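Reading through the C-alpha cells given below for one structure.
Chains as they are written, first to last, in the numbering used here: chain W, 1 to 358; chain H, 1001 to 1358.
Next up, the structure:
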C-alpha cells in the first residue's frame, strides 16, 4: 500500500481542465462525480412513492431526521468509477451517467436491506431506515431503489443500455448470493478461506467490478476493455474488503469511526479471522474456541483474540493478499487499452480506496 | 357476474387444437400455460444461490418442507395472460414466454416480501418463507426473484425485450407504491375511497395489466393493442380485488379457504369497509367506531360489523363497481383489434377470476 493518492497523468479524464497534465486530486474527482450524478440520482429517487422517497432521501444523506438539509452521504465511489469507465473507453464521461446512477441505486438498495438483515441500528452515526421507520418501510424502500436502477438504465439512449441493465441484474444476483452466504456462514464454525473469499467477491467485489465496467459497456467498448475494467474493479473490491477487515481489528477508532477491535467484539468471521482459524495451527484452534464462546468480553480479552489472529498468520496473510490484488488490478488496467488520463484516474481512485491507515 | 366460464371461440389461441372452434376450458388453458412456462421458470430459479433457490422452490410449491415433491403452487394466472397477450397480437404464444416468466417472478417476489411485512405466517396452509427461514432469507429470496425477472426479459431475443423489461420495472414500482400505501393506511382512520382504489390499482391492478400486455409488447404490437390489453388487465384486477374484498367478509369458508368474516376479524380496511365508513352515514360512523376498538371480538360482533358494512352500502357498491369494471374490461378488449381466439380466451380467463361464489 505504498502508492500515494497523487499520480501524474498525461491525458483527459474527469478533471475540469483535462489538457493540463498534473496530479490526480481524488477528493476533487469524487466531488466532481457527485455533482455530475446528483441531479439524475435525485430525479430517479423522486419517482418513488411518497414514503419510500422520504426514506431514500434520508438514507442518502440529503435530508436529516428533522427535515433540515442533509449533511451528505457517502463518497459515491461507484458512480465515479462508472463515469471514469466511459472516459477510459474513449467516450465522454457522461456516457456512463445512467450506469453511475444505477450502481449507486443498487449499492444503496443493498445497504438498506443489509442494515435490516444485520440488525444494524446506525449508519454514519444516524439511525438506519428500519430503525426509524420499521422493517416494512426498509424492505419497500430497498425494493424501490433496486427497481429504479433498472428503469434508469433502460431509459438511456445508448444502444447498449439493455446490455448494461442485464449486467446490473446479474451483479445484483451476485450481491444477493454474497449476503445469503454471509447470513449462512454466521451459523457455521467451519467456514473455509476460499468460501469466505467467494462471499466477499459477491458482497463487495461484484458491484465494484460492474461500476468500473458499466460506462465502457454503455460506450460500446471492445470486450477486452470491458473485461480489463471489470477485473480491475473486482481486484480493488477484494483488496478493499481485506483492508476493511484488517481495520475492523487493528484500525484506529479515530480514523475508522468504529470502536477499537469492533469486528472481534461482534465475533465477525472476517477474512483474517477465517484464515487464522483454518490455517493458523495452535493459535487458530485457540481462536476458534474463543469464537465459540458467547457473552461480553473485556478489552484485554479482545486484544488477546487479536493477538491470536496475528499469531495465526491472519494479519500478514490479509495484508499480502490485499497487496497482491492491487498488483492484479494495475495489471488488468494496463492490458485493457484505455485512454491514459482516465486510466491514471482509475488507478489513483483505487489506491485512494485502499490506502487507509491500518 | 353472469358470464359463464365457457365461451365459444372461433380462432386460434392456447388450446391444443386451435382449428376446432369450441368452448374455452379455462382450467385446461391454465394447466397448458403452467406446462409451457414451467421449464423456463425452473431454469431461472435454478440460478439463485443455494439458499434462495431452496426457499423459492418451496414457496412456489415445487418441493415440500420435508424435501418431498411439491403439491404445486398457484394457478399461475399472470403467465397465462402473458402468453395469451402475445397470441392476441397475432404472434405465437411462445413470443410471450419471457414475459410470462417475468410476471410470475415479480408476483412471487411481492408475495414473499408482503408475507414478511404483513406478518403472515401461512400461505396456502404452509408456513411462509420468513416463518420457516427467518426475515433475512425472505428479504434475499424476494430480492433474487425480482432480479431474475429483469434478467430473463433482457436475455430474450425479441427486439422489444428492453421495452418489456422497462414496463416490468415501472410496474414493480407501482406494486411497491401500493404496498407502501397499504402499510401507511393501516395507521390512518380517514382513508378515502379514491385513495383505497388507487392503492388497489398499485397492489393488484398494475401487475395484471402488465401481464395482459407484456406478450403484445414482446411481439411488437401496435400501441392501441397494448393499451387495450393493459386496460383490460387493470379492469379485471380491480374487479378481482373488489370481489376478493367481498369474499373476505361474506365468502363461504369452504370456498375461500379463509375463516368466516376473516377480513373483519383482522379489521382490514378493505374497499367495501372503506366505502361504508366514508359514505355510509350513521352505519358508517358506527362501523368506524367499531374499527377503532381493539381486542378480540365474538362471531356475533363480527356479524354485526358485517351488517354495518352492508347497511352503509359497502356490499352493494363493491358488487356494482366490480360489474362495472368487467364491462370496461370487455370494452377495452373489444377495441384493441385482437385475434378472435385469444380474445375469447382472455375474456373467459377474466371471468374465471371474477366469478367466484359470494
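Even for Gly, the Cβ is constructed at its ideal location relative to N, Cα and C. Please read these numbers as outputs of a predicted model, since none were measured by experiment.
- prompt: Taking only beta-carbon atoms, is residue 1353 (chain H) less than 8 angstroms away from chain W?
  reply: no
message: Just to check my reading of the structure: residue 1338 (chain H) and residue 1225 (chain H) have Cβ atoms closer than 8 angstroms, yes? What is that Cβ distance to the nearest angstrom?
response: 6 angstroms
- request: Give me the Cα-Cα distance between residue 265 (chain W) and residue 249 (chain W), rounded to the nearest whole angstrom.
  value: 9 angstroms
field: Cβ-based contacts, 9 angstroms cut-off: residues of the stretch 39-52 of chain W near chain H
entry: 47, 48, 49, 50, 51 and 52
message: Which residue marks the beginning of the alpha helix (DSSP H) containing residue 110 (chain W), and which one marks its end?
response: 97-118
query: Is there a Cβ from chain W that is less than 8 angstroms from the Cβ of residue 1150 (chain H)?
result: For residue 1150 (chain H), the answer is yes, since a Cβ of chain W falls inside 8 angstroms of its Cβ.
field: Backbone CA spacing between residue 1355 (chain H) and residue 1165 (chain H) [nearest angstrom]
entry: One Cα belongs to residue 1355 (chain H), the other to residue 1165 (chain H), and the distance between them is close to 32 angstroms.
message: With the cut-off set at 8 angstroms, would you say residue 287 (chain W) and residue 245 (chain W) are in Cβ contact?
response: no
message: For a minimum of 4 consecutive residues, which ranges assigned as the alpha helix (DSSP H) are wholly contained in the stretch 231-293 of chain W?
response: Those alpha helix (DSSP H) runs which fall completely within the stretch 231-293 of chain W and span 4+ residues are 253-256, 262-265, 271-279 and 281-292.
task: Have a look at residue 111 (chain W) and residue 129 (chain W) and give me their C-alpha separation to the nearest angstrom.
output: 10 angstroms
message: With a threshold of 8 angstroms between beta carbons, is residue 1266 (chain H) in contact with chain W?
response: no
message: Between residue 1204 (chain H) and chain W, is the shortest Cβ-Cβ distance under 8 angstroms, so that the two count as touching?
response: no
task: Quick one: which unbroken alpha helix (DSSP H) runs of 4-plus residues sit fully inside the stretch 1145-1185 of chain H? Chain order, please.
output: 1161-1185
message: With H, G and I counted as helix, E and B as strand and the rest as coil, what does DSSP make of residue 77 (chain W)?
response: helix
- prompt: Apart from the five residues just before and just after residue 1183 (chain H), which ones in its own chain have a Cβ nearer than 8 angstroms to its Cβ?
  reply: Counting only Cβ-Cβ distances below 8 angstroms, and skipping sequence neighbours, we find 1117.
message: Less than 8 angstroms between the C-beta atoms of residue 189 (chain W) and residue 1051 (chain H), yes or no?
response: no
- prompt: Taking Cβ positions, are residue 1273 (chain H) and residue 1322 (chain H) nearer each other than 8 angstroms?
  reply: Result no, Cβ atoms of residue 1273 (chain H) and residue 1322 (chain H) do not sit closer than 8 angstroms.
query: Taking just the CA atoms, how far does residue 253 (chain W) sit from residue 259 (chain W)?
result: 5 angstroms
message: DSSP three-state label for residue 24 (chain W), please.
response: Three-state DSSP puts residue 24 (chain W) in coil, outside helix and strand.
CB contact check: residue 348 (chain W) to chain H, cutoff 8 angstroms: no
field: Bounding residues of the alpha helix (DSSP H) (the contiguous stretch that carries residue 1070 (chain H))
entry: Element bounds for residue 1070 (chain H): n/a, residue is neither H nor E.
- prompt: Is it right to say residue 1107 (chain H) is buried, meaning 16 or more other beta carbons lie within 10 angstroms of its own, or is it exposed?
  reply: By the 10 Å Cβ count, residue 1107 (chain H) comes out buried.
- request: For residue 153 (chain W), I'd like the list of residues in its chain whose CB is within less than 6 angstroms of its CB, leaving aside the five on either flank, ordered along the chain.
  value: The residues are 98, 102, 161, 164 and 165.
message: For a contact defined as C-beta to C-beta under 8 angstroms, what are the partners of residue 1117 (chain H) on chain W?
response: 135, 136, 139 and 140
task: Please work out which residues of its chain come closer than 7 angstroms, Cβ to Cβ, to residue 121 (chain W), disregarding the five sequence neighbours upstream and downstream, and give them in chain order.
output: 127, 128 and 131
query: Within this structure, are the beta carbons of residue 124 (chain W) and residue 115 (chain W) separated by less than 8 angstroms?
result: no
- request: Take the Cβ of residue 1276 (chain H) as the centre, count every other Cβ of all protein chains shown within 10 Å, and call the residue buried at 16 or more, exposed below.
  value: buried
- request: Label residue 1035 (chain H) either buried or exposed according to how many other C-beta atoms from any shown protein chain fall within 10 Å of its C-beta, with 16 as the threshold for buried.
  value: Classified as exposed, residue 1035 (chain H) has fewer than 16 neighbouring CB atoms from the shown chains inside 10 Å of its CB.
- prompt: Thinking just about the alpha-carbon of each residue, which of H:1138, H:1174 and H:1238 is nearest to the one in residue 1324 (chain H)?
  reply: H:1238
message: Determine whether the beta carbon atoms of residue 229 (chain W) and residue 85 (chain W) lie at a separation below 8 angstroms.
response: yes
- prompt: In angstroms, rounded to a whole number, what distance separates the CA positions of residue 141 (chain W) and residue 167 (chain W)?
  reply: Their Cα atoms are separated by approximately 22 angstroms.
query: Can you tell me the Cα-Cα spacing of residue 80 (chain W) and residue 219 (chain W), whole angstroms?
result: 16 angstroms
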